[in-house]
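Please read the structure below before turning to the comments.
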Amino acid sequence: MTATLDSFATGTMWAGFIVFVLAMLALDLFVFGGRRAHRVPVREALAWVLTWAALALAFAGLLWWYLNDTQGAEVARTKSLEFLAGYLIEQSLSVDNMFVFVMIFGYFAVPPEMQRRVLLYGVLGAIVMRAGMILAGVWLVQQFSWILYLFGAFLVVTGVKMLIFAEAEPDLEQNPLLRWLRGHLRITPQFQGERFFVRKEGLLWATPMFLVLLLIEASDVVFAVDSIPAIFAVTTDPFIVFTSNIFAIMGLRALYFLLADMAERFHLLKYGLSLVLIFIGGKMLAMPWFHLPVQWSLSVVASIILVSVVASLRLSRQALTPSEKNHEH
1443 MTATLDSFAT GTMWAGFIVF VLAMLALDLF VFGGRRAHRV PVREALAWVL TWAALALAFA
1503 GLLWWYLNDT QGAEVARTKS LEFLAGYLIE QSLSVDNMFV FVMIFGYFAV PPEMQRRVLL
1563 YGVLGAIVMR AGMILAGVWL VQQFSWILYL FGAFLVVTGV KMLIFAEAEP DLEQNPLLRW
1623 LRGHLRITPQ FQGERFFVRK EGLLWATPMF LVLLLIEASD VVFAVDSIPA IFAVTTDPFI
1683 VFTSNIFAIM GLRALYFLLA DMAERFHLLK YGLSLVLIFI GGKMLAMPWF HLPVQWSLSV
1743 VASIILVSVV ASLRLSRQAL TPSEKNHEH
């Protein structure tokens, strides 16, 4: 039996959303200084985090308004909740990327003012890769409905592994991709500004910044393998899957600059993310016997993330010495 993945979205809506994303990226590049070295202060990062959250909420409101007029209140409510649940799932799971970004930038000692541009290009690559992976996932679910149970089992196994190895620190020195690149490319010993390639004596050399970009793109592929199947637990509408993913990706860069300096304080968040994966995978496996409404899925995921963040902050606060607490205050 095949699954039906009909979407309410018209071609105009798809085109309009893509134009919106391209316009926001163009603003970042040409208006807000995305092409020049720039250290992002906390206030600017917070402003962008709030902006992307507001845009996501506004998009959910537009969905409800459009569908309420065209397909009725029940469809409008269901689809807008599916978007919000999908966005929260994708945003929370993509936060794990933040820890990887911190590790990559720290390993290569990338100056803070040079991180913004490489993350911008990382976002561009992630959008293209996510679009391809979403289309592939939609096609697979449409052709083989049983693959949803395979997705569910995969998410449960991944969540359990993340729970067990939450404290494990990856060793970038042994990363297969990095070792292959170092063995096959001419790489300059130092950064050359924000450039990815330079010419020396007629030969093209890659810079360490190019290695940083490739590792960031590779990390997004790894996390997309978890996050894209997860959203099928709440919706199989391709438009909802795509838009919620893109909003989460676009907001992740600002979230990184806001929280990067405090990443070690969110040490319990990985446990929360693993529980989210186990919950979502279990929900997918239980679909033939039990249906959990979207609003309950949204509540459970939000509660897990909130508890893990609050617990992380409390424990890290308790671990501070009195002098550190005074300095923090």
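Under our numbering, residues 1443 to 1771 are what the sequence shown spells out, in order.
All residues carry an ideal CB built from backbone N, CA and C; glycine is no exception.
Quiz item: What separation, rounded to the nearest whole angstrom, lies between the Cα atoms of W1506 and G1601?
Solution: 33 Å
Quiz prompt | Which of helix, strand or coil DSSP assigns to F1547 | solution = helix
Exercise. Find the nearest neighbour of S1750 within the set L1734, G1714, V1718, judged by alpha-carbon distance.
Key: G1714
Quiz item: The beta strand (DSSP E) spanning A1648 covers which residue range?
Solution: 1645–1648
Quiz item: Under a three-way DSSP split, which group does F1607 fall into?
Solution: coil
Quiz prompt | Where R1695 falls: helix, strand or coil (DSSP) | solution = helix
Quiz item: For L1694, which of T1454, W1490, I1460 has the nearest alpha-carbon?
Solution: W1490
Quiz item: Is R1860 helix, strand or coil when you go by DSSP?
Solution: Residue 1860 falls outside the range modelled here, since the chain spans only 1443 to 1771, and no answer is possible.
Quiz item: Beta carbon of I1658, beta carbon of V1463: below 7 Å?
Solution: no
Quiz item: Exposed or buried, what is L1561 when buried is set at 16 or more other beta-carbons lying within 10 Å of its beta-carbon?
Solution: buried
Quiz item: Just to confirm, are Y1591 and L1727 a CB contact at a threshold of 7 Å?
Solution: yes
Practice problem: Return the bridge partner residues of I1629 from the DSSP annotation. | Solution: A1648
Quiz item: Thinking C-alpha only, which one of S1522, G1724, M1540 is nearest G1564?
Solution: M1540
Practice problem: Please report how far the alpha carbon of A1502 lies from the alpha carbon of I1747, in whole angstroms. | Solution: 21 Å
Exercise. Using beta-carbon positions only, say whether S1669 and E1524 come within less than 7 Å of one another.
Key: no
Exercise. Rounded to whole angstroms, what's the CA-CA distance from L1467 to M1692? Just pull it up for me.
Key: 9 Å
Exercise. Compute the Euclidean distance between the alpha carbons of F1699 and A1487, then round it to the nearest angstrom.
Key: 6 Å
Quiz item: Where do the ends of the alpha helix (DSSP H) carrying D1511 lie?
Solution: 1484–1512
Quiz item: Whole alpha helix (DSSP H) runs in the region 1652–1727 with 4 or more residues, listed along the chain?
Solution: 1680–1701, 1711–1727
Practice problem: State the Cα-Cα distance for the pair R1419 and L1734, rounded to the nearest angstrom. | Solution: No statement about residue 1419 is possible, as the shown extent of the chain runs from 1443 to 1771 and does not include it.
Quiz item: Whole-angstrom Cβ separation of A1675 and I1722, contact assumed at under 8 Å?
Solution: 5 Å
Quiz item: Is DSSP giving M1729 helix, strand or coil here?
Solution: coil
Practice problem: Throw me the rounded Cβ distance for the P1680 and I1576 pair, which I believe falls under 8 Å. | Solution: 7 Å
Quiz prompt | Where the alpha helix (DSSP H) containing L1469 begins and where it ends | solution = 1453–1472
Quiz item: Which residue comes first and which comes last in the alpha helix (DSSP H) that contains L1582?
Solution: 1557–1585
Quiz item: Nearest CA to the CA of V1570: which residue from L1740, F1708, V1663, A1457?
Solution: V1663
Quiz item: Skipping 5 residues on each side, what residues in its chain have a beta carbon closer than 6 Å to that of F1450?
Solution: none
Quiz item: So which of I1682, S1534, L1597, V1544 has the shortest CA-CA distance to K1521?
Solution: I1682
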